[in-house]
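For reference, the structure discussed in these notes is given below.
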Amino acid sequence: MSDTKKIIEDIKNRKLAPIYFLYGNEPYFIDEISDYIAANVLDEGEKGFNQMVLYGRDIDMGELVENAKRFPMMADYQVIIVKEAQDLARHWDKFESYAKQPQPTTILVFNYKYKTPDKRKKVFKEMAKNAVFFESKPLYENKVLPWINSHLKSNGYNIEPKAGQMLIEFLGTEIAKIKNELDKLMIIVPAGTMITPQLIEENIGISKDYNNFELRKALGSRDTVKVNRIINYFAENPKDNPLVVTIGQLHSFFVQLLKLHAMTDRNPQTVARQIGVSPFFVQEYFTAAKHYSMKHCSHAIKIIRDIDMKSKGVGTNKPQQHDLLQELIVNIMYP
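For the sequence shown, the positions run 0 to 334 when numbering that gives the first Met the number 0 is used.
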């Protein structure tokens, strides 16, 4: 995220590069930079003659280079944005001469999504001398909540940690999905609002009481009654609570507990950083560690892996989600 902000800040200060090569598996940050360039390098009067969007699947490299070599009309720059630039992959050798000496009045932006270019190729080595290269990587889960906080704060909102965690567990770590839901929520509730689990439940459809976050918490405190309520709710609503997600969440939980057991420094900030969670949730891990020894955690991970295999049809016929989930929980809590 810091690289994204630095690039945008440089563009804002008119420190422009002739080529921006934006690539990687997280499309959100690629679009963020590309959209900022499209919106801000030229004013509205200049865009008509000097800004174009091309698609990698529709053009060849010769056509692209020809457009890039043009001079702007009544403006300091022209902007060319190439979407789906990964579709140009077989033609990069034809870009080498332009990469060596790019047109200084052209801002050429490549959106190269879901792939990584072969930087050993000469064309990319030449390009690196003049271009801004940016790799857009998916955020680790412990980085997504800070992003949510930052995005909401910049729009005049705040969010409770549990509400943010609910979003991550329901939507995953894909930033575009999370942003889409947050933006819809910000249309509904006024600026200055604290986003609570209740608001998430009412407007996005994620139960504040019956979700994987609450299951882990109840499991960690060995609250049998609550655990059973949650897995029964999951059984009644399987589409909203797929077993594969629950298995993944519980596996991460017990791996994190193993890391906690191995730590000698139990400072909450250190623990949060080492196991990859928000400091707000560290106490719940301390509680769980009291109930699950290192040996018990290792056993739980084995059980989780076994159930994962069964859920995929290995060693069983037509497994029912509720039966597998019940078997999983019982074997974890009562080994």
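Where is the CB? At the ideal position from N, CA and C, for every residue including glycine. All of these numbers come straight from a predicted model, not from anything done at the bench.
Item                                                                                                                         : Value
Residue burial classification, Lys4 (beta-carbon count within 10 angstroms, cutoff 16)                                       : exposed
Rounded Cβ spacing between Val78 and Ile36 (contact assumed at less than 8 Å)                                                : 6 Å
DSSP-derived helix/strand/coil call for Met185                                                                               : helix
CA nearest to the CA of Lys136, picked from Thr115, Leu327, Val188 and Pro71                                                 : Thr115
Element boundaries [alpha helix (DSSP H), containing Thr223]                                                                 : Thr223 to Glu235
Cβ pair count under 8 Å reaching 3, the stretch 147-156 against the stretch 112-128                                          : no
Anticipated Cβ contact below 8 Å, Leu144 with Gly163, distance rounded                                                       : 5 Å
Classification of Ile186 by the beta-carbon crowding that lies within 10 angstroms, buried from 16 upward                    : exposed
CB of Ala84 within 9 Å of CB of Ala130, strictly                                                                             : no
The ligand PLP heavy atom lying under 8 Å from the CB of Met72                                                               : This structure simply doesn't include the ligand PLP, nor any ligand for that matter.
Endpoints, alpha helix (DSSP H) assigned at Leu323                                                                           : Gln320 to Met332
Between the CA atoms of Arg69 and Thr191 - distance to the nearest angstrom                                                  : The residue you asked about is not Thr; residue 191 is Gly in the sequence shown. Spanning the two alpha carbons is a distance of roughly 48 Å.
Opening and closing residue of the alpha helix (DSSP H) in which Gly47 lies                                                  : Glu43 to Asn49
Ala217 burial status per 10 Å Cβ neighbour count (16 or more: buried)                                                        : buried
Endpoints, beta strand (DSSP E) assigned at Leu21                                                                            : Ile18 to Gly23
Under the three-state DSSP convention, the category Gln100 falls into                                                        : coil
Beta-carbon contacts of Phe132 that lie in its chain and below 6 Å, excluding the five residues immediately before and after : Phe20
Distance CB(Leu107)-CB(Ala74) smaller than 9 Å                                                                               : no
Meets three-Cβ-pair contact criterion under 8 Å: the stretch 250-261 and the stretch 289-299                                 : yes
Entirely enclosed beta strand (DSSP E) segments - the stretch 81-142, minimum 3 residues                                     : 105-112 and 130-135
Reference Ile303, options Val281, Ile328 and Tyr291, closest by Cα                                                           : Ile328
Beta carbon of Glu199 nearer than 9 Å to that of Leu214                                                                      : For clarity, residue 199 is Ile in the given sequence; the question names Glu instead. No, the Cβ-Cβ distance between Ile199 and Leu214 is not below 9 Å.
Counted within 10 angstroms of its Cβ, other Cβ atoms place Ser310 as buried (16 or more) or exposed                         : buried
DSSP-derived helix/strand/coil call for Ile6                                                                                 : helix
Euclidean distance between Cα positions of Pro278 and Lys225                                                                 : 24 Å
For Asn210, the nearest candidate out of Glu125, Met165, Phe285 and Leu181 (CA to CA)                                        : Met165
Opening and closing residue of the alpha helix (DSSP H) in which Pro169 lies                                                 : Rather than Pro, the amino acid found at residue 169 in this sequence is Phe. Segment Pro160 to Leu170, the alpha helix (DSSP H) holding Phe169.
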